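Protein chains: 2
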Amino acid sequence: MSEPFESYYAVIFTSTQKENIEGYPEMADKMEALARQQSGFLGMHSARNQVGITISYWKNLEAIKNWKQQCDHVIAQQKGRKDWYSWYSVKVCKVEREYEFSL
Amino acid sequence: MSEPFESYYAVIFTSTQKENIEGYPEMADKMEALARQQSGFLGMHSARNQVGITISYWKNLEAIKNWKQQCDHVIAQQKGRKDWYSWYSVKVCKVEREYEFSL
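Protein chains in written order, with numbering that gives the first Met the number 0: chain A, 0 to 102; chain B, 0 to 102.
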């Protein structure tokens, strides 16, 4: 028997950056800390090589909307478009099922 | 006016690896090439630091199921659990909306 699966949401943020990203690492740390304090935040994973991928997980669409509109985050988004990113994509997804492997 | 959005699917594969991953890079390249040939494949992004993230995009659940069961891919999954991964998670998600920024 498997537990009933309670769906939740993932925001896939994929990006490429400009060469000069002065101030970006500090802002990224600050935004991650802030996201973790948001109501409905469930977790986050990030990695960057040629392309950067950040996936954040949220309880529902309301939590995602609140985070998108959070004041300091809005300022960070503006700065990102102006100074750091050459391209990004945001995809809001409903996690419908999942499975895990662990040693 | 915005175009009607046609939803599609994302598979988020998140993993951590063992220290010795001999044979992994070659297999990863082979699996990416194979995935790109699958019917219903729409795209893929990967990055790895402490954690590895691969997101593949698919037209529908049928295409994801076919890829999961593809013979060479099944062998690669078995080898991954035996030799390369200390942990992984697979999440099947419906992309409900998206937006993009580009310089």
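In this text, a Cβ means the ideal position worked out from N, Cα and C, and glycines have one as well.
Fair warning: this is a prediction, and the values are worked out from it, not measured in the lab.
Distance, residue j Cα to residue i Cα
i        : j        : result
Asp28/B  : Tyr87/A  : 24 Å
Thr105/A : Cys70/B  : No statement about residue 105/A is possible, as the shown extent of chain A runs from 0 to 102 and does not include it.
Gln16/B  : Ser85/B  : 5 Å
Asn65/B  : Ser14/B  : 22 Å
Glu21/B  : Gly79/B  : 11 Å
Ser6/B   : Lys93/B  : 7 Å
Val73/A  : Glu95/A  : 29 Å
His44/A  : Val89/B  : 13 Å
Ala32/A  : Glu61/A  : 19 Å
Tyr23/B  : Trp83/B  : 7 Å
Gly2/A   : Asn19/A  : Correcting the residue type first, residue 2/A is Glu in the shown sequence and not Gly. Rounded to whole angstroms, Glu2/A to Asn19/A spans 48 Å at the Cα level.
Met26/B  : Gln76/B  : 10 Å
Glu97/A  : Gly51/A  : 23 Å
Gly42/A  : Glu99/B  : 23 Å
Lys58/A  : Lys81/B  : 33 Å
Phe40/A  : Lys67/A  : 12 Å
Leu102/A : Leu102/B : 43 Å
Phe4/A   : Met30/B  : 29 Å
First and last residue of the uninterrupted beta strand (DSSP E) at residue i
i       : result
Trp57/A : 51-57
Glu25/B : Counting along the chain, Glu25/B falls outside any beta strand (DSSP E), though it belongs to the alpha helix (DSSP H) covering 23-36.
Leu41/B : 40-47
Glu61/A : Taken as a continuous stretch (DSSP letters only), Glu61/A belongs to no beta strand (DSSP E), being part of the alpha helix (DSSP H) at 60-68.
Arg96/A : 84-101
Ser14/B : 7-16
Listed by chain order, chain B residues near residue i by CB distance under 8 Å
i       : result
Arg47/A : Ala46, Asn48
Interface residues of chain A facing residue i [CB-CB closer than 7 Å]
i       : result
Val94/B : Lys90, Cys92
Contacts of residue i in chain A (Cβ-Cβ under 8 Å)
i       : result
Arg99/B : Position check: residue 99/B holds Glu in this sequence, whereas Arg was assumed. What Glu99/B touches in chain A: Trp86, Tyr87, Ser88, Val89.
Residues that residue i contacts on chain A, provided the C-beta gap is smaller than 9 Å
i        : result
Leu102/B : Lys17, Arg80, Tyr84, Ser85, Trp86
CB contact check: residue i to chain B, cutoff 8 Å
i       : result
Gly51/A : yes
Ile54/A : yes
Closer than 8 Å to chain A by CB, residue i
i      : result
Ala9/B : yes
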